[in-house]
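Working notes, beginning with the structure itself.
There are 2 protein chains.
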Amino acid sequence: MMKKSTKLANKSALSAEPASARGEVPASNRAARAQERRAAIVEAAMEEFIARGFAATRLDDIAKRAGVAKGTIYLHFKDKESMFEELVRIVIVPVVARLTALPPPTGSVRDLIEAFASNFLKEVIGTRRGDLVRLIVAEGPRFPAVADFYYREVVSRGIAAMRALIELGIARGEIREKDLARYPQILVAPAMIAVIWQSLFARHAPLDAQDMLRVHLDLIFGERRTT
Amino acid sequence: MMKKSTKLANKSALSAEPASARGEVPASNRAARAQERRAAIVEAAMEEFIARGFAATRLDDIAKRAGVAKGTIYLHFKDKESMFEELVRIVIVPVVARLTALPPPTGSVRDLIEAFASNFLKEVIGTRRGDLVRLIVAEGPRFPAVADFYYREVVSRGIAAMRALIELGIARGEIREKDLARYPQILVAPAMIAVIWQSLFARHAPLDAQDMLRVHLDLIFGERRTT
DNA sequence: TGACTGTGACTGACTGGTCAGTCATATATA
DNA sequence: TATATATGACTGACCAGTCAGTCACAGTCA
Numbered sequence: 001m002m003k004k005s006t007k008l009a010n011k012s013a014l015s016a017e018p019a020s021a022r023g024e025v026p027a028s029n030r031a032a033r034a035q036e037r038r039a040a041i042v043e044a045a046m047e048e049f050i051a052r053g054f055a056a057t058r059l060d061d062i063a064k065r066a067g068v069a070k071g072t073i074y075l076h077f078k079d080k081e082s083m084f085e086e087l088v089r090i091v092i093v094p095v096v097a098r099l100t101a102l103p104p105p106t107g108s109v110r111d112l113i114e115a116f117a118s119n120f121l122k123e124v125i126g127t128r129r130g131d132l133v134r135l136i137v138a139e140g141p142r143f144p145a146v147a148d149f150y151y152r153e154v155v156s157r158g159i160a161a162m163r164a165l166i167e168l169g170i171a172r173g174e175i176r177e178k179d180l181a182r183y184p185q186i187l188v189a190p191a192m193i194a195v196i197w198q199s200l201f202a203r204h205a206p207l208d209a210q211d212m213l214r215v216h217l218d219l220i221f222g223e224r225r226t227t
Numbered sequence: 228m229m230k231k232s233t234k235l236a237n238k239s240a241l242s243a244e245p246a247s248a249r250g251e252v253p254a255s256n257r258a259a260r261a262q263e264r265r266a267a268i269v270e271a272a273m274e275e276f277i278a279r280g281f282a283a284t285r286l287d288d289i290a291k292r293a294g295v296a297k298g299t300i301y302l303h304f305k306d307k308e309s310m311f312e313e314l315v316r317i318v319i320v321p322v323v324a325r326l327t328a329l330p331p332p333t334g335s336v337r338d339l340i341e342a343f344a345s346n347f348l349k350e351v352i353g354t355r356r357g358d359l360v361r362l363i364v365a366e367g368p369r370f371p372a373v374a375d376f377y378y379r380e381v382v383s384r385g386i387a388a389m390r391a392l393i394e395l396g397i398a399r400g401e402i403r404e405k406d407l408a409r410y411p412q413i414l415v416a417p418a419m420i421a422v423i424w425q426s427l428f429a430r431h432a433p434l435d436a437q438d439m440l441r442v443h444l445d446l447i448f449g450e451r452r453t454t
């Protein structure tokens with residue numbers, strides 16, 4: 001279908017388009033295997049980068065873990081740096097999509113936010129995805145492209161969405177503190193802390209993230225059902 | 228004299244007692260210069276580690292920035308790794324001391340916490356110290372010793388102190404949400420988010436940390452003076 | 001169907017450069 | 001002078017990225 005241009009990704013490497021004029025669909029199992037390999041590389045790279053950080057990760061290790069020769073990595077990615085940047089996109093995009101695609105305009109604002117938090121809890125906190133967030137925090141300053149992408153695709157959207165919910169909550173009288181709309185970060189902060197906590201301190205002092213988020217929402221909305 | 232053991236410091240670190248118990252006053256300018264050099268190295272190392280992370284930082288760069296030859300670094304630190312670990316201790320300890328040493332048992336709990344937040348704002352958020360916190364989050368998983376130290380000296384103490392304040396606030400009727408005492412993290416979360424935000428996103432969207440913390444406290448204590 | 005062939009995905013030994021850590025030498029101090 | 005310090009050229013390990021060669025497979029022909 002999309003052929004090489006999709007798999008090779010980067011700018012160069014465009015090996016002309018053989019079947020282009022033809023228009024055939026050589027979706028042989030060759031292409032399928034290539035996709036599998038690519039996926040294996042992404043998976044392996046994520047593990048290694050999370051475990052060691054960008055600079056300390058060896059491509060040899062990624063290759064070994066992915067069950068591929070080192071050269072193969074370069075068939076899919078331009079170099080270590082752009083592999084890292086692509087990796088973040090590849091992993092983050094679906095998560096954002098999934099978290100974004102659940103605004104069932106039903107029930108109270110609290111219920112909406114609770115549904116969101118519950119999803120975030122399952123999808124991110126304490127998972128590989130959560131570690132990736134920590135990784136972004138860690139490497140962000142050295143990868144402006146990553147930090148920019150993350151801000152644009154995740155942070156700014158998340159803040160905007162939360163602000164909208166907060167304003168709705170204020171309008172409906174569910175939320176007292178009007179100034180909260182100016183700092184949606186406050187709403188999200190405990191969730192972020194939970195992510196970091198699980199990565200760093202879980203073994204010292206386990207944290208019941210779900211319960212903590214509940215308490216935090218009680219703080220904002222008042223005890224359950226108590227306008 | 229104490230010789231190497233004092234200057235090499237590795238594990239011992241913290242200045243110790245240059246003049247030892249003995250009466251001598253070896254406060255020659257030799258020892259003084261050594262201290263200056265050591266301080267310069269620590270300062271330079273912090274800059275470099277914050278800017279590039281542990282693995283990507285070159286000792287040559289640290290030496291150059293400190294105005295010292297590379298070999299000199301090894302007169303003060305065992306190796307790169309233990310230099311990093313010591314560095315964290317050297318920088319963190321005084322901050323904790325300063326933040327800890329301001330419990331003037333006066334006024335309301337809110338005032339106490341506000342004083343604390345105000346100090347944290349000045350001492351940490353948006354400063355080199357704040358960057359160091361981000362660095363610890365970044366490198367923690369690869370440096371269990373650092374993560375452990377940080378948990379022991381900073382996190383657990385901070386959590387305990389906050390919990391005590393919250394319980395006091397509840398007892399005095401200043402704080403409604405009783406469950407908050409179970410998750411002092413919630414109280415601290417926005418401050419941590421502010422630290423990270425300043426490091427990563429300030430250039431995209433500046434954050435008025437002071438104002439945000441105020442709003443957060445309003446959320447916990449109710450609008451100013453309303454009980 | 002089976003044999004033949006061109007293609008390009010895949011491999012991994014190799015290269016060039018980088019950098020932590022060393023140590024023989026030089027300099028400052030007592 | 002003797003000793004404590006400081007220096008920076010040097011070494012050996014390490015690793016990102018390359019590329020000549022291999023071979024599985026799709027397509028073609030008999």
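Going line by line, the protein sequences match chains A and B. Residue numbers for the first sequence follow our numbering, beginning at 1 and rising by one. Residue numbers for the second sequence follow our numbering, beginning at 228 and rising by one. From the three backbone atoms N, C-alpha and C, an ideal C-beta is built for every residue, glycine too.
Which chain A residues are close to residue i, counting only those with a beta carbon under 8 Å from its beta carbon?
| i | result |
| --- | --- |
| Phe428(B) | Ala147, Tyr151, Val155 |
Less than 9 Å between CB atoms is the rule here; does residue i satisfy it with respect to chain A?
| i | result |
| --- | --- |
| Ile447(B) | yes |
| Ala391(B) | no |
| Glu450(B) | yes |
Just checking: is the beta-carbon of residue i within a distance shorter than 9 Å of some beta-carbon in chain B?
| i | result |
| --- | --- |
| Phe54(A) | yes |
| Arg245(A) | A question about residue 245(A) goes unanswered here, because the residues of chain A that appear run from 1 up to 227. |
| Pro141(A) | yes |
| Ala194(A) | yes |
| Leu207(A) | yes |
| Ala51(A) | yes |
Could you work out which residues of chain B lie near residue i, taking near to mean beta carbons separated by less than 7 Å?
| i | result |
| --- | --- |
| Met212(A) | Tyr410, Gln412, Ile413 |
| Asp179(A) | Val442, Asp445 |
| Pro190(A) | Gln412, Ile413, Ala416 |
| His204(A) | Tyr378 |
Output, in chain order, the set of chain A residues within a Cβ distance shorter than 7 Å of residue i.
| i | result |
| --- | --- |
| Met273(B) | Going along chain A, no residue has its Cβ under 7 Å from Met273(B), so there is no contact; the nearest lies around 14 Å. |
So which residues of chain B does residue i contact, with C-beta pairs closer than 8 Å?
| i | result |
| --- | --- |
| Glu81(A) | Correct list: empty, because the minimum Cβ distance to chain B is about 12 Å. |
Could you list which residues in chain A have their beta carbon closer than 9 Å to that of residue i, in chain order?
| i | result |
| --- | --- |
| Val364(B) | Arg134, Val137, Ala138, Ile196, Ser199, Leu200 |
Where does residue i fall in DSSP's three states?
| i | result |
| --- | --- |
| Gly367(B) | helix |
| Pro111(A) | According to the sequence shown, residue 111(A) is Asp rather than Pro. Helix, per DSSP. |
| Thr72(A) | helix |
| Lys305(B) | coil |
| Tyr410(B) | coil |
| His204(A) | coil |
| Glu251(A) | A question about residue 251(A) goes unanswered here, because the residues of chain A that appear run from 1 up to 227. |
| Val351(B) | coil |
| Phe281(B) | coil |
| Arg176(A) | coil |
| Ala328(B) | coil |
| Gly294(B) | coil |
Decide if residue i is buried, meaning its Cβ has at least 16 other Cβ atoms within 10 Å, or exposed.
| i | result |
| --- | --- |
| Val93(A) | exposed |
| Thr284(B) | buried |
| Gly400(B) | exposed |
| Val124(A) | buried |
| Arg430(B) | exposed |
| Asp358(B) | buried |
| Val96(A) | exposed |
| Ala387(B) | exposed |
| Pro104(A) | exposed |
| Gln198(A) | buried |
| Gln210(A) | exposed |
| Gln35(A) | exposed |
Please determine whether the Cβ atom of residue i lies at a distance below 8 Å from any heavy atom of the ligand SAM.
| i | result |
| --- | --- |
| Gly298(B) | Among the ligands in the structure shown, none appear at all, so the ligand SAM cannot be discussed. |
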